[in-house]
Structure formats: C-alpha cells, structure tokens
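K.L.:
Throughout the sequence shown, residue numbering follows my numbering, covering 37 to 475 in sequence.
Each residue gets a CB set at the ideal place from its N, CA and C atoms; glycine is no exception.
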Amino acid sequence: MRFPKLPNPGLDDRIPSHQELERMEKEESGDRPKWDNKTQYMLTCVGFCVGLGNVWRFPYLCQSHGGGAFMIPFLILLVLEGIPLLHLEFAIGQRLRKGSVGVWTAINPYLTGVGVASLSVSFLVGMYYNTIIAWVMWYFFNSFQNPLPWSQCPVDDNLTGLVSECARSSPVDYFWYRDTLNTSASIGDSGGLQWWMVLCLLCAWLVLYVCCLRGIETTGKAVYITSTLPYVVLTIFLIRGLTLKGSLDGIKFLFTPDVNELMNPSTWLDAGAQVFYSFSLAFGGLISFSSYKLSAVKIIQGLNLKTCDLQTFLSQGVEGTGLAFIVFTEAITKMPISPLWSILFLHHALLSGLSTMFGSIEGVVVPLQDLNHFPKRWPKEAITGIVCLVSFIVALIFAQSSGNYWLALFDSFAGSIPLLVIAFCDDGVCCLHLRDRQV
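Structure follows, in structure tokens:
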C-alpha cells in the first residue's frame with residue numbers, strides 16, 4: 037500500500053542519506069570519546085535502566101494492582117512500547133553520535149524541543165533521585181552501630197522514659213519522619229534547612245561528580261562495581277527472604293492475577309509509565325551512552341526484567357521512600373546481625389542510585405554541549421561541575437523540613453506524564469519519517 041505524497045518538501049536535504057551518515061560518523065569518531073569495551077557499555081546501560089526506578093516503584097505497583105494482574109499489562113506494554121523504544125534510542129544514538137538534543141535536531145530542527153524536554157526531565161528527576169541517595173547515605177552512616185537507631189525508641193531529655201512521639205508510633209517511623217526528615221506539618225511550613233541532610237546531599241553530589249568527572253572515562257570504570265554488586269546483594273536477600281516464614285505465600289500472591297484489576301484503566305496507565313522508568317526511556321541518557329558506541333547490545337531488556345522480578349520477590353506493600361526507609365528497615369531489625377543486613381541493603385540502594393544518576397547526568401551534559409551554550413574550549417569536567425553545582429543548590433529544597441512533600445510532587449509530576457509525551461513524540465516522528473521514505 038502506497039501513501040499519498042505528504043507536503044514535506046526538502047526531506048532529502050534535511051535527513052542525511054546512509055552514505056552521508058557513514059561519512060559524518062567517521063569524521064566525528066576521531067575526537068568523540070569511546071567505550072573501552074562492550075562490557076562497559078552494557079554495564080552502564082544496565083545500571084541506568086535497573087536503578088532506582090525499579091527499587092522504588094515496581095514492587096509497590098505490582099502489589100497495589102493485584103500482584104500477577106499488574107505483570108500482564110506490564111509485559112504486554114513492555115513488548116509493544118518498551119523494547120521498540122529501547123532499540124530506537126540505541127539506534128539513533130549510535131548512528132547520529134549525538135545527545136538527545138543533537139539527534140532530534142539532526143532529523144529536523146523543529147524537533148529540537150523533544151531533546152530539550154528529555155534534558156529537562158533528566159535534570160528534574162536527577163535532582164530528587166540524588167536526594168534519595170542522600171537519604172540512603174544518612175541511613176548507611178547510622179548503620180554502623182548496634183543496636184540500630186531505628187530499632188528502639190530513644191530516651192527523652194529527662195531520662196525518665198521514652199520519647200512520647202516515638203512511643204505513640206514506632207521506632208522506625210520516628211527515625212524516618214523525625215530524626216531523618218524532621219517533617220513539618222505541611223508543605224507551606226518549610227522548617228528551614230536540616231544541616232545533616234544538607235551535608236548528606238553535598239556528599240551525594242560530590243561522589244557523583246567524582247564518578248562522572250570525565251564522562252565515560254570515569255563512569256566506565258565505576259560501573260564494574262555499581263552495576264554488578266547490587267545483583268550480588270539482591271541474590272543474598274532473595275535467599276534470605278525465601279527462608280522466612282510466609283515467603284511462599286508472598287510469591288504465590290505475586291503470580292496469582294486478580295482479573296478484575298485488568299479492567300481498571302489505572303492499572304494499564306501505571307504499567308505503561310513503569311515501563312519507561314524500568315528502561316529509563318525518554319530521559320536521553322541511553323541516547324548519550326549509545327553515541328559513544330557503534331555496535332548494538334541486545335541484553336539490556338532481559339537483565340532489566342529479571343531485576344524487576346527480584347525486587348518484587350523481596351518487597352510488598354509501600355510506595356516510594358516508604359518502601360526502603362520504613363518497610364525494609366523495619367524488616368531488617370527483625371533479622372539477626374541486623375547492622376550487617378542494613379549495610380548490605382543500603383549499599384545496594386546506594387550503588388543502584390549512582391548507576392541511575394550516571395545516565396541522568398549524561399542526559400543533561402551531552403545535550404547542553406549539543407546546544408552550544410558553553411564555549412567549545414570548556415572541558416567536560418567544567419560543564420559537569422556546573423550541572424552538579426546548580427542541581428545541588430536547587431535540590432536544597434528537599435533538605436528542608438517540607439522536603440518530603442516537595443519530593444513527592446516531583447515524583448508524581450516531573451517524570452511520568454512528560455516521559456509519556458516524549459515517547460509518543462518519538463513514535464510519531466519515526467512513523468512519519470518511515471511514511472515519507474516510502475513515497
């Protein structure tokens with residue numbers, strides 16, 4: 037079937053031919069950094085895909101939508117939208133060898149906004165993701181003591197009994213909402229900056245800057261640790277979890293679908309959004325990573341799905357920050373040698389978060405270079421430093437007593453809907469491009 041000629045003059049002049057792309061690729065490959073080997077590229081993409089988006093969101097969504105009932109739309113949308121878009125981002129990054137802004141500008145200058153949207157989402161999501169890493173650091177630093185500080189209520193100032201607020205709730209809730217966040221009553225009550233959170237946030241951005249100092253030259257080395265050790269820790273927790281009483285009941289619930297949930301539109305919407313988080317699609321990071329590599333890697337989707345399953349085996353019940361900082365920490369207090377298990381889990385969360393942030397930073401820095409807003413003589417170290425500094429300053433809003441409310445807003449609105457819009461734009465552009473090529 038032939039489509040009618042579309043009013044799209046000058047298409048051949050705007051979109052380079054295969055021979056022109058080959059020539060451009062050879063010209064740009066001389067001064068563009070390259071991965072040392074395919075393993076670095078694969079581990080970096082895997083770490084970016086299976087990071088905080090799976091640790092935080094997937095187990096909660098699976099539980100809240102009826103266990104196995106959520107897996108059905110997730111797997112369907114995984115095949116229909118996830119894998120095609122994943123290969124699309126790999127392909128355009130590898131072929132055009134630019135970031136998210138550069139590739140869409142090369143296709144058509146009017147599509148520059150799609151790349152800018154990806155840049156903006158990476159910047160906003162990266163800010164609150166690194167705040168979560170700061171929280172993980174705070175818990176990690178407090179794990180080197182026995183008993184764990186969230187395993188029992190503290191004594192009041194008069195040394196006459198336990199703190200009443202803790203006694204009315206629980207030690208885990210008290211440590212999270214009071215000792216960690218010092219949460220205010222509402223988002224309008226900022227409560228000022230919490231100095232311990234500011235220090236942890238500064239530490240998180242400094243660690244990230246050191247790891248991303250010279251782009252893939254440094255992240256390519258770091259991923260050997262950040263993308264592999266989390267799987268070791270997950271395996272240890274899986275074995276431990278399977279030995280606990282009631283573990284088989286939880287796994288049975290996971291794979292027993294509630295058919296009524298399949299008729300709920302929100303189940304399909306949440307499954308579609310989770311596909312983007314699970315694969316880190318539309319952030320621009322995969323495009324940037326692929327621009328340093330010529331050959332395709334076809335293993336990401338398999339590892340990502342296995343990670344989703346492992347995370348879901350390990351946890352059921354609470355979304356977002358509550359999953360790691362309330363449910364998991366309370367479960368750890370019930371285990372023997374609880375400080376050791378706490379260190380292992382938080383170490384896993386820290387490395388997973390860093391792997392995700394590598395892609396978020398790359399999804400901001402490379403498009404900024406494509407936009408030519410910085411002088412070409414500026415080294416990448418300087419641009420990365422500016423991005424990290426600006427992000428740290430803006431992210432101080434999360435270090436206030438109202439920070440948890442702000443982070444919840446970012447989590448609800450900064451990523452989900454914009455990612456869907458960007459992905460639909462990607463699909464639409466590709467469909468129109470193929471349609472024009474056929475006439």
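Taking the alpha-carbon of Asn440 as reference, which of Gly228, Leu244, Val208 and Leu217 has the nearest alpha-carbon?
P.N.:
If we check each option's Cα against that of Asn440, Leu217 comes out closest.
K.L.:
Enumerate, from N- to C-terminal direction, the unbroken beta strand (DSSP E) stretches of 3 or more residues contained entirely within the region 224–258.
P.N.:
List check, beta strand (DSSP E) in window: nothing returned.
K.L.:
On the DSSP bridge list, what partners appear for Leu198?
P.N.:
Answer by DSSP bridge pairing, in chain order: Val191.
K.L.:
In three-state DSSP terms, what is Gln181?
P.N.:
Gln181 falls in the coil class under three-state DSSP.
K.L.:
Mind pulling the beta strand (DSSP E) runs of 3 or more residues that sit fully within the region 67–116?
P.N.:
Runs found: none.
K.L.:
Given this structure, state the Cα-to-Cα distance separating Ser137 from Asn296, to the nearest angstrom.
P.N.:
Residue identity check: residue 137 is Val in the sequence provided, not Ser. Those two C-alpha atoms are separated by around 42 Å.
K.L.:
Going by DSSP, what residue range makes up the alpha helix (DSSP H) through Ala367?
P.N.:
Thr365 to Thr369 is the span of the alpha helix (DSSP H), which, as asked, contains Ala367.
K.L.:
Label Asp193 either buried or exposed according to how many other C-beta atoms from any shown protein chain fall within 10 Å of its C-beta, with 16 as the threshold for buried.
P.N.:
Exposed, by the Cβ-count rule.
K.L.:
With which residues is Gln436 paired in a DSSP beta bridge?
P.N.:
Looking at the DSSP assignment, Gln436 forms a beta bridge with Leu229.
K.L.:
What is the DSSP secondary structure of Phe349, reduced to helix, strand or coil?
P.N.:
Caution applies to Phe349, whose pLDDT of 41 falls short of 50 and renders its modelled position unreliable; the value that the coordinates give is listed next. The answer is helix: DSSP assigns Phe349 an H, G or I state.
K.L.:
In the DSSP assignment, find the alpha helix (DSSP H) that holds Val400 and state where it starts and stops.
P.N.:
It spans Ser374 to Leu407 - the alpha helix (DSSP H) in which Val400 sits, taken as one unbroken run.
K.L.:
Taking the C-alpha atoms as reference points, what is the distance between Gly83 and Val199?
P.N.:
Spanning the two alpha carbons is a distance of roughly 41 Å.
K.L.:
Check each candidate in Leu160, Leu235 and Gly395 and name the one with the smallest Cα separation from Val430.
P.N.:
With distances taken between Cα atoms, Val430 lies closest to Leu160.
K.L.:
Is Asn90 buried or exposed, if buried means 16 or more other CB atoms sit within 10 Å of its CB?
P.N.:
It is buried - the Cβ of Asn90 has at least 16 other Cβ atoms within 10 Å.
K.L.:
Could you give the uninterrupted runs of the alpha helix (DSSP H) lying entirely in the region 117–177, keeping only those of 4 residues or more?
P.N.:
Counting whole runs of 4 or more residues, the region 117–177 contains the alpha helix (DSSP H) stretches 119–132, 136–143 and 148–177.
K.L.:
If you run the structure through DSSP and keep just helix, strand and coil, what is Trp442?
P.N.:
Residue state, collapsed to three classes: helix.
K.L.:
Are the Cβ atoms of Cys424 and Trp241 separated by less than 8 Å?
P.N.:
Taking 8 Å as the Cβ cut-off, Cys424 and Trp241 qualify as a contacting pair.
K.L.:
When you compare only the Cα positions, how much space is there between Leu503 and Ile379?
P.N.:
Look at the range of the chain in this structure, 37 to 475, and you will see that residue 503 is not part of it.
K.L.:
Helix, strand or coil: which one does DSSP assign to Tyr328?
P.N.:
Coil, per DSSP.
K.L.:
Measuring straight from C-alpha to C-alpha, what distance separates Tyr210 and Pro190?
P.N.:
Each residue's Cα considered, the two are about 9 Å apart.
K.L.:
Can you check whether the CB of Gly320 is closer than 8 Å to the CB of Gly399?
P.N.:
Cβ atoms of Gly399 and Gly320: closer than 8 Å.
K.L.:
Between the region 162–172 and the region 385–398, can you find at least three pairs of beta-carbon atoms closer than 8 Å?
P.N.:
Contact holds: three or more Cβ-Cβ distances are below 8 Å.
K.L.:
Nearest to Ser7 by CA position, among Gly308, Val208 and Leu184, is which residue?
P.N.:
Residue 7 is absent from the model: the chain starts at 37 and stops at 475.
K.L.:
What span of residues does the alpha helix (DSSP H) with Met291 cover, start to end?
P.N.:
Rather than Met, the amino acid found at residue 291 in this sequence is Phe. Here Phe291 belongs to no alpha helix (DSSP H), and DSSP marks it neither H nor E.
K.L.:
Below 6 Å CB to CB, which residues in the same chain sit around Gly464 once its five sequence neighbours on both sides are set aside?
P.N.:
Closer than 6 Å at the Cβ level, and outside the excluded window around Gly464, lies no residue.
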